[in-house]
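End of the sequence shown sits at 465 in the numbering used here; the numbers just go up one at a time, nothing left out.
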Amino acid sequence: MQAESSGRIKIIANEIESLGSAIKNKKFEISQRKLELARRRSDSESARYQLAEREGAMLASTQNNIKRTDHLWHSLHSKTAEARIFLCREAASLYGLRQKVRRRDNVTEETYVIGGVSIIELRNLNGKSRLISIHLSTSANTQAGASPDHISTLFSYIAHLLVLVSHYLSLRLPAEITLPHRNYPTPTIYTPSASYLPREAYSVSFPSQSLGSSPTSSRTADSRPPPHRPRPLSIDKTLPKLAREDPSTYALFLEGVTLLAWNVSWLCRSQGLNLASDSWEDICDIGKNMWQLLVAPPAQPSSLIRALTAHDLQTKIKKTPKDSPKTTIQRTKSFPMLGHYSHGTAHSFLGASEGTEFIRSWKLPTPTKVVDKLKSTLLGEMASAEWELLEEKEWDDAVQEPTQAVPQEPVNVSDPTSDNKPRVGGAGSIISQPATLDSANSPARSKGTSGWTKLRNR
């Protein structure tokens, strides 16, 4: 029993010793933690010392860096805009885009020229009435259309210049223009819905107007129609003749030139140029719009189109603190709009919210409305024309194959009160007054060549 109790006492003594050493270690650990917490409190107090002043200094330094970077960004954008303006004006100068002003009968007439070719307003594509002498020694008031080569060359120059200017301005035009390239001899234009879409190889070839007109071409051509047919910007016949012989090509051509003019008007609006109005007639004046955009001297601030957008107006109304950085450019007298908005830079990106609000402020008519108005105007002119357009060869055919003349009474030349005066008829007949006068003195004239001359129906 005594040995057993002594053993238990030793075990208890060992446990007491181990617990004492553990308590001692814990106490040492607690003291070390107290020292660590005291050191942290001291560091915290040191960190909080003049914290507001140091935070203000750091915030001011950050804001100054932001202002400096923002100023450099705006300055670089301003230089970029100036470079864009310079390149566009140089391109217009190299293309020979200029204005000619003439005074006739106290009326100022403005005409525009590009590459030595006069720019025709779209409403005047039918041409002006003029007197044409024919082999019958008569004069006929004839509606003569503009030359096809003139029209094709004109719109080719405009398309080239417009693509070049849009490239310099980093803008994507609403209607895509395809310039001539291999197996694609003339420029074409796509509708806005068909622009900038991936196209297969078979649909990129030049759209020949005579494709499918022959059995051979219909057998060899791809049976699948192109998904999006480009609109031509060139013709090989006068516009009135094309309207009679090929109405589908005539409609496509009018749509193409309307899209081209609408691109020019859209480009003017995107660069802040305030057009005379939002009517379709001003859109058709393509030469004036291009000249005002690329050649005309900088306009006064009053002629700039809404130089401040809605976002800028709100920013201007709010009185921001002087030390707050200005992250938006106020487009005022010192900062022109030309070269400002683009699709190629993050600064003043036209697809951003500010650019979208700027576009919404426009009131341009849609291309469909413009082409409908233009088509009705041109077709109305041709329908109301007094004389039908006949080529010189057709006049020769009329002489060789005369039709039966309408009988008429002889004209008494000596009687000034005679009622048998030449009358202006419709499109099916013309009057030759010199021929009528000569018929009284030349009885030997062949039948059917004097008095009224009836033209063949076309």
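Every residue, glycine too, gets a C-beta built ideally from N, C-alpha and C.
Bear in mind that the values here come from a model prediction, so they are computed numbers and not experimental data.
Helix, strand or coil at residue 354 [DSSP, three-state]: coil
Spatial neighbours of residue 92 in its chain, beta-carbon cut-off 7 angstroms, leaving aside the 5 residues before and after: Taken in chain order, the residues that qualify are 345 and 346.
Cα-Cα separation between residue 276 and residue 296, rounded to whole angstroms: Their backbone Cα atoms lie some 10 angstroms apart in a straight line.
Runs of beta strand (DSSP E) wholly within the segment 91 to 128 (minimum 3 residues, chain order): 105 to 111 and 114 to 121
Euclidean distance between Cα positions of residue 280 and residue 55: 57 angstroms
Inter-residue CB distance, residue 116 and residue 294 (contact presumed, cutoff 8 angstroms): No, residue 116 and residue 294 are not in contact; Cβ-Cβ is about 13 angstroms, not under 8 angstroms.
Residues near residue 211 in its chain [Cβ-Cβ closer than 6 angstroms; skip 5 each side]: Residue confidence for residue 211 is low, a pLDDT of 49 falling below 50, so the modelled location carries little weight and cannot support an answer.
Cross-strand partners of residue 76 (DSSP beta bridge): None, per the DSSP bridge assignment.
Ordered list of alpha helix (DSSP H) runs contained in the segment 153 to 195, each at least 4 residues: 155 to 175
Buried versus exposed, by CB contacts within 10 Å (16 or more), residue 99: buried
Closest by C-alpha distance to residue 248, when choosing among 168, 273 and 154: 154
Segment contact flag, the segment 198 to 206 with the segment 164 to 176, C-beta cutoff 8 angstroms, min 3 pairs: no
Coil, strand or helix - residue 204 by DSSP: coil
Supposed contact pair residue 121 and residue 164 - C-beta distance, whole angstroms, cut 8 angstroms: Contact between residue 164 and residue 121 holds: CB atoms are separated by about 5 angstroms, below the 8 angstroms threshold.
Beta-carbon proximity of residue 292 to residue 369, cut-off 9 angstroms: no
Cα-Cα separation, residue 353 to residue 254: Roughly 45 angstroms between the two C-alpha positions.
Residue interval of the alpha helix (DSSP H) (run including residue 27): 9 to 55
For residue 21 and residue 12, the rounded distance between their alpha carbons: 14 angstroms
Buried or exposed by the 16-neighbour rule on C-beta atoms within 10 Å, applied to residue 311: Per-residue confidence for residue 311 stands at a pLDDT of 44, beneath the threshold of 50, marking its modelled position as unreliable; the derived number appears in the next sentence. Residue 311 is buried by the Cβ-count criterion.
Neighbour-count burial assignment, residue 29, 16 or more Cβ in a 10 Å radius: exposed
Chain-order list of residues whose beta-carbon lies under 8 angstroms from that of residue 252 (same chain, five-residue window excluded): Closer than 8 angstroms at Cβ, skipping near neighbours: 244.
Host alpha helix (DSSP H) of residue 257 (start-end): 254 to 277
Neighbourhood of residue 124 by C-beta distance below 6 angstroms, restricted to the same chain and skipping five residues each side: 160 and 161
Per-residue burial, residue 15 [other beta carbons within 10 Å of its own, 16 or more giving buried]: exposed
Proximity winner among 238, 114, 298 and 34, relative to residue 95 (alpha-carbon distances): 298
Assigned secondary structure, residue 241 (DSSP; H/G/I helix, E/B strand, else coil): coil
Spatial distance of residue 258 from residue 381 (CA atoms): 10 angstroms
Counterpart residues of residue 349 in DSSP-defined beta bridges: 356
Pairwise C-alpha distance: residue 356 and residue 194: 29 angstroms
Buried versus exposed, by CB contacts within 10 Å (16 or more), residue 238: buried
For residue 384, the first and last residue of its enclosing alpha helix (DSSP H): Going by DSSP, residue 384 is part of the alpha helix (DSSP H) stretching over 374 to 391.
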